[in-house]
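What follows is a short report on a single structure.
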Amino acid sequence: MLSSKRWYSIPGLFSMASSISKWSSFIDAKLNLVVETFNFKIVETRQRKMSQQQRTTTSFNFRSEHIAASSSANNNNNKSATNDSSDASAGTSNNKSTFMKSSLHHGDQRRTSSSNHHHSFHSSSSNSNHYRKKLSNSDVQEYLSSIASTCPIVDIGINLTNHQFKDSQETISQVLKRCQLVQVKCVILTGTSLRNSLESLSLISKFENHESGVKLKCTVGIHPHDAKSFKNISELEQVITSPQHNSSICMVGECGLDYNRMFSPKQVQIHCFKEQLRMAIRLQKPIFCHERDAHSDFVECVQSVMKEFGNSTSLPPLVVHCFTGTRNEAKKYIDMGFYIGLTGCVCMEERGKELREILRDGIIPRDKLLIETDSPFMLPPLSGNGHSVWKYVTGGRRNEPCLLPHVVNTIAECWNMTENKQALEKQLTENTARFLMMADVKELIGSNH
């Protein structure tokens, strides 16, 4: 610090100027060093980039020359292979479905030198266009025809009022047309609440004379999720006994217990279920039941209601729909005389493993099995072209009744009936007619089938 005495003196000013000059020289030197270092880094970076560009250009030129040479050699080899195997290729390709040839394997094709068998049928350019081919309605028809049942079958449970079907006449019309392609001749709409049951009845009235010829029926009941909305049984009974809807309503339900998600309190579910069981017994109407993680209480509810009637009145046919329970639970239901409904879940690799074992072990008698899709849920796994076709049809993961043959195919495999699938299809349809307490199959699917 300069003293105040020297600050105003001439010698003090000279001393101060000298100090400032020394510091200025020091700062200039440091700045010059920083600038030189920065310039050196810039030059070094530019040189590195130029070197990388030169290496890339050289490598690219080398690869281009190599690819051009390989392409020329492959084209020559492919022409030779095509000429040598043209007769064999024609013979095998004629036996394959045209639709199977138009499958989309996005990303599954590995363009390697070892895949010469692809080139024996298509050139590389036609192969590319082949897999980029957009699907059309004709592709959908061919796929569905390839999985179609040989005999009429019935889907005992679909949720056609679900928002995934958009509740539009055009969408539902297409759903029914696809049913026709696979021999699904009757679909049963599931009622899950009073309002939903009335919606199902409204849909049936709109499509009862649909060009597909598919018959529509429905259930009327309260799902355990909606048990909290239940008021009194008289409202449901009034709808079911109405002469206007007599031919459309074939079951009471969907009723039962669901302790998995508990959207309604347990005691409320039990009360609602028992009330519907009592109504079904009075009306002698088949019962469409739902049970999730509630096996013991489900059995107790049925047994206690039967005791109320003194076992003097027989329990109408009852199906545990979309069964996903255990081996012992299946045995108990069969012992009680119930039917078992299976969905696309049985086709799933992991979720359906125990169900397939139950089938193989004969726990479910062949005259006690019913089939359903539970659409738009429980989409079965689709292999090969099926996945691409179904994405084209629905744009997502929506299940439909036209995929019911996949359930039949899995059951046929478990029962060793793949060579006699027609007999299985007839058995399943006869089971459905018997369950619905109908005189014969014609009453269920119509006299024209």
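According to numbering that gives the first Met the number 0, numbering within the sequence shown proceeds without interruption in unit steps and concludes at 448.
Note that CB positions come from ideal geometry on N, CA and C, so glycine has one too.
Please report how far the alpha carbon of residue i lies from the alpha carbon of residue j, in whole angstroms.
i	j	result
T417	N408	7 Å
T322	G340	At residue 322 the sequence reads Phe, which differs from the Thr that was named. In a straight line, the C-alpha of F322 is about 6 Å away from that of G340.
L378	D439	30 Å
S79	R326	For S79, the pLDDT reaches just 40, beneath the cut-off of 50, and the residue's location in the model is therefore unreliable, although a value from the coordinates is still provided. Their Cα atoms are separated by approximately 59 Å.
C178	G394	18 Å
G343	C271	28 Å
T160	P400	14 Å
P315	M250	10 Å
K227	E348	35 Å
N136	A411	29 Å
N208	Q275	31 Å
K230	G385	45 Å
L435	P285	6 Å
E290	I444	28 Å
F206	N398	20 Å
S145	K390	17 Å
T240	I232	12 Å
Q302	E141	49 Å
F98	S196	Residue placement at F98 is flagged as unreliable, the pLDDT there being 37, under the threshold of 50; the coordinate-derived value follows with that caveat. Those two C-alpha atoms are separated by around 39 Å.
K265	T428	35 Å
A432	R277	23 Å
T372	V345	11 Å
R396	V318	26 Å
L517	A279	In the structure displayed, the chain extends from 0 to 448; residue 517 sits before or after that span and is not available.
S172	I333	37 Å
G220	M305	19 Å
H320	S211	26 Å
C413	S374	23 Å
N245	L235	13 Å
When burial is assigned at 16 or more other CB atoms within 10 Å of the CB, is residue i buried or exposed?
i	result
K165	exposed
H405	buried
E169	exposed
I66	Annotation note: pLDDT 41 at I66 (below 50); position unreliable, coordinate value reported separately. Exposed, by the Cβ-count rule.
D366	exposed
D257	buried
T218	buried
N259	exposed
F262	exposed
H162	exposed
D360	exposed
G309	exposed
K490	Because the chain here runs from 0 to 448, residue 490 falls outside it and cannot be looked at.
P151	buried
K133	exposed
T312	exposed
G336	exposed
K420	buried
N75	Because N75 carries a pLDDT of 43, less than 50, the predicted location of this residue cannot be relied on, and no value is offered for it.
N158	buried
E442	exposed
G383	exposed
Suppose contacts are defined by Cβ-Cβ distances below 8 Å. Is residue i in contact with residue j by that definition?
i	j	result
L215	I203	yes
G156	F287	yes
I363	I357	yes
L282	S247	no
S191	D225	In the sequence as displayed, the identity of residue 191 is Thr instead of Ser. In this structure, D225 lies closer than 8 Å to T191 by Cβ.
H222	E198	no
L143	V181	yes
S148	E328	no
L354	N430	no
H294	G255	no
I187	D154	yes
C300	K273	yes
Give the range of the alpha helix (DSSP H) segment to which residue i is assigned.
i	result
E371	Counting along the chain, E371 falls outside any alpha helix (DSSP H), and DSSP gives it neither H nor E.
L175	Q168 to L180
H294	H294 to E307
C413	L403 to C413
K420	K420 to F434
K184	Looking at the DSSP string, K184 is not in any alpha helix (DSSP H); the run it does join, the beta strand (DSSP E), is V183 to L188.
N310	Where N310 is concerned, there is no enclosing alpha helix (DSSP H), given that its DSSP letter is neither H nor E.
D138	N136 to I146
Give the range of the beta strand (DSSP E) segment to which residue i is assigned.
i	result
Y338	Y338 to L341
E218	Per the sequence shown, residue 218 should be read as Thr rather than Glu. K214 to V219 is the span of the beta strand (DSSP E), which, as asked, contains T218.
G324	Neither: G324 is in no beta strand (DSSP E) and is coded neither H nor E.
V345	That residue, V345, is in no beta strand (DSSP E); it is neither H nor E in DSSP.
E253	I248 to D257
I489	Because the chain in this structure spans residues 0 to 448, residue 489 falls outside the shown range and cannot be described.
H289	I286 to R291
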